[in-house]
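Enquirer: If you read the protein sequences in the order shown, they are chains A and B.
All residue numbers for the first sequence refer to the working numbering, where the first residue is 1 and numbers rise by one.
All residue numbers for the second sequence refer to the working numbering, where the first residue is 1 and numbers rise by one.
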Amino acid sequence: MSLLKVENLCKSYRESTGKLEVLKGINLAVESGEMIAITGESGSGKSTLLHLLGMLDSADSGEIFYFEKLKKATDKDINEFRNKTIGFVFQFHYLLEDFTAEENIAMPMFLATHNFGKSLKEARNLLHSFDLYGRREHYPNQLSGGEQQRVAVARALINKPEIVFADEPTGNLDAKHSDELIGLLVDLNKQNNQTFVMVTHNLEIADKMHRKFHLEYGVIIK
Amino acid sequence: MYKVIIYFIKKYIFSNRKEWLRSDSVFMVVGIIVSVATLTIAQAIFEGYETVLKETILGANSHIYVFLSSDGYLNKDNLAELDEFLTAQPEVAAISPIIITQVMASGNGKIKGALLRGINWQQENQPTLYREKVFAGTYDLSDENSTVIGSKLAQALNIKVGDKIKLISPMNSKMTPMGVKPKQQEFTVGGLYESGMYDYDSKYVFVNYATAAEFSAMEDEFSMLEVKLKPEFIEKADYLAYRWQVFLDYQYQISSWIDFNGNLFSLLTLEKWVIFIILSFLILIASFNVVSSVSTSIIEKRQELGILKAFGASHQLLQKIFVGKTLIISVIAVSLGQILGVLIAKFLSWQKFFVLKGDVYFLDKINVQFSVLSWLLILGVSLSIVILASFIPLRKISTLEITDILRGKN
Numbered sequence: 001m002s003l004l005k006v007e008n009l010c011k012s013y014r015e016s017t018g019k020l021e022v023l024k025g026i027n028l029a030v031e032s033g034e035m036i037a038i039t040g041e042s043g044s045g046k047s048t049l050l051h052l053l054g055m056l057d058s059a060d061s062g063e064i065f066y067f068e069k070l071k072k073a074t075d076k077d078i079n080e081f082r083n084k085t086i087g088f089v090f091q092f093h094y095l096l097e098d099f100t101a102e103e104n105i106a107m108p109m110f111l112a113t114h115n116f117g118k119s120l121k122e123a124r125n126l127l128h129s130f131d132l133y134g135r136r137e138h139y140p141n142q143l144s145g146g147e148q149q150r151v152a153v154a155r156a157l158i159n160k161p162e163i164v165f166a167d168e169p170t171g172n173l174d175a176k177h178s179d180e181l182i183g184l185l186v187d188l189n190k191q192n193n194q195t196f197v198m199v200t201h202n203l204e205i206a207d208k209m210h211r212k213f214h215l216e217y218g219v220i221i222k
Numbered sequence: 001m002y003k004v005i006i007y008f009i010k011k012y013i014f015s016n017r018k019e020w021l022r023s024d025s026v027f028m029v030v031g032i033i034v035s036v037a038t039l040t041i042a043q044a045i046f047e048g049y050e051t052v053l054k055e056t057i058l059g060a061n062s063h064i065y066v067f068l069s070s071d072g073y074l075n076k077d078n079l080a081e082l083d084e085f086l087t088a089q090p091e092v093a094a095i096s097p098i099i100i101t102q103v104m105a106s107g108n109g110k111i112k113g114a115l116l117r118g119i120n121w122q123q124e125n126q127p128t129l130y131r132e133k134v135f136a137g138t139y140d141l142s143d144e145n146s147t148v149i150g151s152k153l154a155q156a157l158n159i160k161v162g163d164k165i166k167l168i169s170p171m172n173s174k175m176t177p178m179g180v181k182p183k184q185q186e187f188t189v190g191g192l193y194e195s196g197m198y199d200y201d202s203k204y205v206f207v208n209y210a211t212a213a214e215f216s217a218m219e220d221e222f223s224m225l226e227v228k229l230k231p232e233f234i235e236k237a238d239y240l241a242y243r244w245q246v247f248l249d250y251q252y253q254i255s256s257w258i259d260f261n262g263n264l265f266s267l268l269t270l271e272k273w274v275i276f277i278i279l280s281f282l283i284l285i286a287s288f289n290v291v292s293s294v295s296t297s298i299i300e301k302r303q304e305l306g307i308l309k310a311f312g313a314s315h316q317l318l319q320k321i322f323v324g325k326t327l328i329i330s331v332i333a334v335s336l337g338q339i340l341g342v343l344i345a346k347f348l349s350w351q352k353f354f355v356l357k358g359d360v361y362f363l364d365k366i367n368v369q370f371s372v373l374s375w376l377l378i379l380g381v382s383l384s385i386v387i388l389a390s391f392i393p394l395r396k397i398s399t400l401e402i403t404d405i406l407r408g409k410n
């Protein structure tokens, strides 16, 4: 049973110049424990596909299944689904400025359990394993770019999601921090069998994944 | 869910970015404080004026007045009948007949119109409180040439205790070879009273029965009978007056303080509520700042809100956080407004350089009073307006598209 299956997914946007078709019938499947890369040029529809898979947006047509169960971004329980089943890492860290590193990491669990103590404890465990414990009380603007992105990864993992979607997670990092972050994700996959779907235009990073899909003009060409 | 809401509110209010020091937040809080303070001051002044005016009127006057229905005055038989009837009524606290006649008062070359009140000054329990209002001299009318006058009359005639005052009554005039000569008598001012009511303090001249009878040419007759009610029956005075009038077979015309002053108090109550409604519009105007401030806050936190939504926060939860934050800031602002209003109102009642014109407003001092009901009403109305205003920009949260934020679209 595939963790995630996509059938004939289409998405278009209305623009002043007319209808822009971004995704034209995407089909793919992701198995549990896989690391998948989605590559492509800018504007090829990589991020749009990731947003649809992460239930952040709704498709014009086509279907998305999680564990063979049909899911739509308009479902009533979609907030809970996004909170518990999916984790997100974005190109920009998007950490909450008024919250410390540990509070940022604890946030998804706090939203799910309403238990701040338990969430904070779990966040501190993650900070230990990400070698960031000493920075736990630092605000985002007091962290380096690499640290900010590691905190963002920890935040994505705190609710032990089935799948983590990463949208150009190294896009704002230099080569050193980029390598460190990808190494961290690979380690997490090996140690915890964590499933990742990552959008990147960096082919070197894509090569480190188990499988890769290349998007061109809204279709998967390989 | 409330733990999450409280946690976020605390974080946003005490954030390092000092959001509450932003100009729109400051304008919002100052707007609420000023409008609530204005409303509090207006309510305190109106309530104080109404209460003091009522206390003064009820203290200076009796509560029920009994006249003869037909022309003429109450004689001894009438008084005996009324005394027997009224002393048997459980609502009555005191009764006393009185002689009233118009006179002219002159002193130091000045002259003023006045009302002579002939009273039983020795009676222990009097229907009016003038004896307690004497602030200079004594309330001793044993001498037929002794009088007690109001402070404003004394001021107008430039008279002090011990000075002479001449009273002239046209009611007991005599024909002389020189023409009609009104009754005149010189009195020694034995005491000065101040009821607080300009009208009374500038008009009433108290003398004993014998002097008043001579001045008004009334022998064994009285103008009316004054009745003081027990405090718990004061508000029922008009009903009691009607009931007694019917019981006494309309032989007497019985009127209450409500008949004479009811319209004034109805007008004051109406004015108080009209002012309350008008000044509530100030809070409505201040609430525009609330709309602006909450909108700015949502726009500023747009990215954060989008990310929280991506991590599973419902827009209802996010809306409750903003309403909760506005509620807490509003409670603080409204409370500060009420405190400021109380302080300014207290100052107005304490200061001496701005006084009312007593001949226009009855009282010459600004009096203030604060009631729990008014406090709750101002708090309730202010918070309701402000919270309702904060709902207007919340729609922005429900229409927030996460993908637009991630794409950097506005």
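Ideal placement from N, C-alpha and C gives every residue a C-beta, glycine not left out.
These numbers were taken from a predicted model, which means no experiment stands behind them.
Throw me the rounded Cβ distance for the S1 of chain A and N189 of chain A pair, which I believe falls under 8 angstroms.
Expert: According to the sequence provided, residue 1 of chain A is Met. The question's Ser does not apply to it. About 19 angstroms separates the two Cβ atoms, so there is no contact after all.
Enquirer: Could you name the residues of chain A that E300 of chain B contacts, counting a contact when the two beta carbons are closer than 8 angstroms?
Expert: Within 8 angstroms Cβ-Cβ: nothing; E300 of chain B doesn't reach chain A, min ~10 angstroms.
Enquirer: Are the Cβ atoms of K164 of chain B and A136 of chain B separated by less than 9 angstroms?
Expert: no
Enquirer: Does the separation of the CB atoms of S96 of chain B and S142 of chain B fall below 9 angstroms?
Expert: Between S96 of chain B and S142 of chain B, the C-beta gap is not smaller than 9 angstroms, which leaves the two residues out of contact.
Enquirer: At the level of alpha carbons, what is the spacing between G312 of chain B and R407 of chain B?
Expert: 19 angstroms
Enquirer: Check the DSSP bridge columns for P97 of chain B and list the partner residues they point to.
Expert: B:L225
Enquirer: Please confirm if K309 of chain B has its CB atom under 9 angstroms from at least one CB of chain A.
Expert: yes
Enquirer: From L215 of chain A to L96 of chain A, what distance separates their C-alpha atoms?
Expert: 32 angstroms
Enquirer: Does G312 of chain B get closer than 9 angstroms to chain A when you measure Cβ to Cβ?
Expert: Interface residue, yes.
Enquirer: Identify whether L64 of chain B lies in helix, strand or coil by the three-state DSSP scheme.
Expert: Per the sequence shown, residue 64 of chain B should be read as Ile rather than Leu. The answer is strand: DSSP assigns I64 of chain B an E or B state.
Enquirer: Is the beta carbon of T211 of chain B less than 9 angstroms from the beta carbon of E124 of chain B?
Expert: Result no, Cβ atoms of T211 of chain B and E124 of chain B do not sit closer than 9 angstroms.
Enquirer: For K176 of chain A and F67 of chain A, I'd like the C-alpha separation in whole angstroms.
Expert: Distance between K176 of chain A and F67 of chain A, taken at the CA atoms: about 37 angstroms.
Enquirer: Are the CB atoms of Y242 of chain B and F362 of chain B nearer to each other than 9 angstroms?
Expert: Cβ atoms of Y242 of chain B and F362 of chain B: not closer than 9 angstroms.
Enquirer: Taking R302 of chain B as part of the alpha helix (DSSP H), name the residues at either end of that continuous run.
Expert: Note, R302 of chain B: alpha helix (DSSP H), 302-310.
Enquirer: Given that H114 of chain A touches chain B, what residues does it touch there, using C-beta distances under 7 angstroms?
Expert: M1, K3, V4
Enquirer: When you compare only the Cα positions, how much space is there between R155 of chain A and L120 of chain A?
Expert: 11 angstroms
Enquirer: Grouping DSSP H, G and I as helix and E and B as strand, with all else coil, what is S295 of chain B?
Expert: In the structure shown, S295 of chain B sits in a helix (DSSP, three-state: H, G or I).
Enquirer: Which residues, taken in chain order from the segment 376-408 of chain B, show a beta carbon closer than 7 angstroms to some beta carbon of chain A?
Expert: Those residues of the segment 376-408 of chain B that come within reach of chain A (Cβ to Cβ, closer than 7 angstroms) are I402, T403, L406.
Enquirer: For S144 of chain A, is the classification buried or exposed, using 16 other Cβ atoms within 10 angstroms of its Cβ as the cut-off for buried?
Expert: exposed
Enquirer: Is the segment 197-210 of chain A in contact with the segment 25-44 of chain A, if contact means three or more CB pairs nearer than 8 angstroms?
Expert: yes
Enquirer: Tell me whether S411 of chain B sits in a helix, a strand or coil according to DSSP, three-state version.
Expert: Here chain B has residues from 1 to 410 only, and residue 411 of chain B is not among them.
Enquirer: Note down, one range per segment and in chain order, each alpha helix (DSSP H) of at least 4 residues found wholly within the segment 127-159 of chain B.
Expert: 151-157
Enquirer: By how many angstroms is the C-alpha of S374 of chain B removed from the C-alpha of S382 of chain B?
Expert: 12 angstroms
Enquirer: Note down the Cα distance separating I392 of chain B from S287 of chain B, rounded to an integer number of angstroms.
Expert: Straight through space, the alpha carbons of S287 of chain B and I392 of chain B are spaced by roughly 11 angstroms.
Enquirer: Closer than 7 angstroms by beta-carbon distance: list the chain B residues that pair up with Y94 of chain A, in chain order.
Expert: Q303, I307
Enquirer: Could you tell me the boundaries of the alpha helix (DSSP H) in which P109 of chain A lies?
Expert: Note on identity: in this sequence residue 109 of chain A is Met, with Pro being the wrong assignment. First-last of the alpha helix (DSSP H) with M109 of chain A: 101-113.
Enquirer: Please identify, using Cβ separations under 9 angstroms, the residues of the segment 70-85 of chain A that lie next to chain B, in order along the chain.
Expert: I78, N79, E80, F81, R82, N83, K84
Enquirer: Which whole-angstrom value is the C-beta distance of P108 of chain A and N125 of chain A, which I expect to be below 8 angstroms?
Expert: Rounded, the Cβ-Cβ distance is 14 angstroms, inconsistent with contact.
Enquirer: Which residue wins for smallest C-alpha separation from S371 of chain B, given the options B:V29, B:F46, B:V30, B:G31?
Expert: B:F46
Enquirer: Helix, strand or coil, according to DSSP, for F92 of chain A in the structure here?
Expert: The answer is coil: DSSP assigns F92 of chain A none of H, G, I, E or B.
Enquirer: Give me the Cα-Cα distance between T195 of chain A and V164 of chain A, rounded to the nearest whole angstrom.
Expert: 6 angstroms
Enquirer: Please state whether DSSP places V368 of chain B in a helix, a strand or coil.
Expert: In the displayed model, V368 of chain B falls within coil according to three-state DSSP, outside both helix and strand.
Enquirer: Give me the Cα-Cα distance between D83 of chain B and V36 of chain B, rounded to the nearest whole angstrom.
Expert: 53 angstroms
Enquirer: Please list the segments of the alpha helix (DSSP H) lying wholly inside the segment 7-51 of chain A, counting only runs of 4 or more residues, in order along the chain.
Expert: none
Enquirer: Going by alpha carbons, who is nearest to T101 of chain B out of B:A114, B:A94, B:A93, B:Q89?
Expert: B:A114
Enquirer: With a 10 Å radius around its C-beta and 16 neighbouring C-beta atoms as the bar for buried, classify N108 of chain B as buried or exposed.
Expert: exposed
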